[in-house]
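Chemist: So the protein sequences, as listed, match chains L and V. Reminder that position 83 of the first sequence reads as 91 in the numbering used here, one-by-one numbering, no gaps. Reminder that position 45 of the second sequence reads as 738 in the numbering used here, one-by-one numbering, no gaps. Note that CB positions come from ideal geometry on N, CA and C, so glycine has one too. These figures come from a predicted structure and were not determined experimentally.
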Amino acid sequence: MILNLVLMAMILVLLIPIYEAWQDDDIWQKMLAFASIATKTSIMILVVAVLRDDWMIGVVGVIILSVGNAGLMLLAHVLKRMNQV
Amino acid sequence: MINFLSYLCIGVGIVFWFWGTFPLMGDRSVLFKLHSLSVADTLGSMSIIVGLLLKIPSEWPLLILALISLAIWNTVLGYVLAYCSSSDEDSHE
Numbered sequence: 009m010i011l012n013l014v015l016m017a018m019i020l021v022l023l024i025p026i027y028e029a030w031q032d033d034d035i036w037q038k039m040l041a042f043a044s045i046a047t048k049t050s051i052m053i054l055v056v057a058v059l060r061d062d063w064m065i066g067v068v069g070v071i072i073l074s075v076g077n078a079g080l081m082l083l084a085h086v087l088k089r090m091n092q093v
Numbered sequence: 694m695i696n697f698l699s700y701l702c703i704g705v706g707i708v709f710w711f712w713g714t715f716p717l718m719g720d721r722s723v724l725f726k727l728h729s730l731s732v733a734d735t736l737g738s739m740s741i742i743v744g745l746l747l748k749i750p751s752e753w754p755l756l757i758l759a760l761i762s763l764a765i766w767n768t769v770l771g772y773v774l775a776y777c778s779s780s781d782e783d784s785h786e
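#1: To the nearest angstrom, how far is it from the Cα of Q37(L) to the Cα of K748(V)?
#2: Between the C-alpha atoms of L698(V) and L770(V), what's the straight-line distance to the nearest angstrom?
#3: I need the straight-line Cα distance from V723(V) to D34(L), nearest angstrom please.
#4: Can you list, in chain order, the residues of the segment 66-83 of chain L whose Cβ is nearer than 8 Å to any Cβ on chain V?
#5: Measure the beta-carbon distance from A43(L) to L80(L) and round it to whole angstroms, keeping in mind my assumption that it falls under 8 Å.
#6: Using a beta-carbon distance below 7 Å, is W36(L) in contact with chain V?
#7: Just confirm the distance between the C-beta atoms of I24(L) and M718(V), as a whole number of angstroms; I'd bet it's less than 8 Å.
#8: So, at 7 Å on beta carbons, what are the nonlocal neighbours of G66(L) in its own chain, with the 5 sequence-adjacent residues on each side left out?
#9: If we define contact as Cβ-Cβ less than 7 Å, is S712(V) a contact residue for chain L?
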């Protein structure tokens, strides 16, 4: 019951970076919002895993946490190179 | 008691999330937003995971792995984003 409320509050927080990524044109602000969305959704996946007591979902959340951020770093470097050209 | 403690941790984490995410909508510089966002996101998420860990201690290996990857990757990502976004004008190439 309380975890349901927690999940609703998390969805509410998640709307802020989604709005920011949608309305801002600066690429770094967008990247920042996307990094925030990635962290928040993976934590939400972990909460859902505890809520449903299903640890296959939890494994997915942890993989996103550890690999997704690395992808964002690579993307930031590619963007920097593109801006330099 | 443990139940209350876990909900307290999760509540603190969500307060951190709100507190760090609201500056995202203002007109400040990228570095200001990056600082508040990375600090509050990392600490809040770690607090939420500690709350979940108190709730279901039997699955600790997975949650500890999540804690460690959060602590390491989020700080490194903060540094990389700051480095890439700020060195546009004084690049050495």
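Modeler: Quick answer:
#1: 36 Å
#2: 30 Å
#3: 9 Å
#4: G66, V67, G69, V70, L73, S74, N77, A78, L80, M81
#5: 5 Å
#6: yes
#7: 7 Å
#8: L54, A57
#9: Strictly speaking, residue 712(V) in this sequence is Trp, with Ser absent from that position. Not an interface residue.
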